[in-house]
Amino acid sequence: MQKLKYLQGYPSSITDQVANLIDSNQLEAFLLKKYPRCHELTTEKALYDYVQEIKSQYLKKSPPVSKVVYDKKIHVINHALGLHSFVSRVQGNKLKAKHEIRISSIFKHAPLPFLRMIIVHELAHLREKEHNKAFYQLCCHMEPDYHQLEFDMRLFLTQQELSGPIYS
1 MQKLKYLQGY PSSITDQVAN LIDSNQLEAF LLKKYPRCHE LTTEKALYDY
51 VQEIKSQYLK KSPPVSKVVY DKKIHVINHA LGLHSFVSRV QGNKLKAKHE
101 IRISSIFKHA PLPFLRMIIV HELAHLREKE HNKAFYQLCC HMEPDYHQLE
151 FDMRLFLTQQ ELSGPIYS
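Using full-length UniProt numbering, the first residue of the sequence shown is number 1, and each one after it goes up by one.
Following this line, the structure appears as structure tokens:
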């Protein structure tokens, strides 16, 4: 059986099922049946507006997000799918803080639920810096299917690594 790097930490009963899907060339069909379409948020303006919509619904009192972009380098360099960065700058006698969200460009051509799951994850960092119980509770509050979407997104990444992009 091949190494399933995106599924490390999952029990063998789960990884065995995934390996069977891969061995029988059914993983892509499984994903396409569950997530038949790619989203249409291909511009950074549309992405920013979508993030602001989610933020205004769930995190009204959190600090503003000044920038949201797709980043081609994020997956390779940081071994991450999204990044929340907090930038502080001194302007005169004031300290200005900006929050930026960078989403891996892999999600430019992915199903909307996967993009939403990554956005929810990064927005949750506005309130909770660490990946702790409160962080995941907030993620589940914003996206009730958060954990299932995270698992399915790992399947998506596995399939992409095996045979390239599913959606284009």
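Positions of the beta carbon are idealized from the N, C-alpha and C atoms, including for glycine. Being a predicted model, the structure only gives us computed values, none of them experimental.
Counting C-beta atoms within 10 angstroms of its own C-beta, L162 has fewer than 16 neighbours from the protein chains shown and is therefore classed as exposed.
A Cβ-Cβ separation of about 11 angstroms leaves Y136 out of contact with V120 under the 8 angstroms criterion. Judged by DSSP secondary structure, S66 falls within the beta strand (DSSP E) whose first and last residues are 65-71.
Counting along the chain, H147 sits inside the alpha helix (DSSP H) bounded by residues 146-163.
Judged by DSSP secondary structure, F135 falls within the alpha helix (DSSP H) whose first and last residues are 133-142.
Looking at the backbone, the Cα of L115 and that of D71 are separated by about 13 angstroms.
Look at K33 here: in three-state DSSP terms it is helix.
In this structure, the straight-line span from the alpha carbon of K108 to that of V68 is close to 13 angstroms. In this structure, the alpha-carbon of K61 lies about 21 angstroms from that of M117. In the three-state DSSP reduction, I166 falls in the coil class, being neither helix nor strand.
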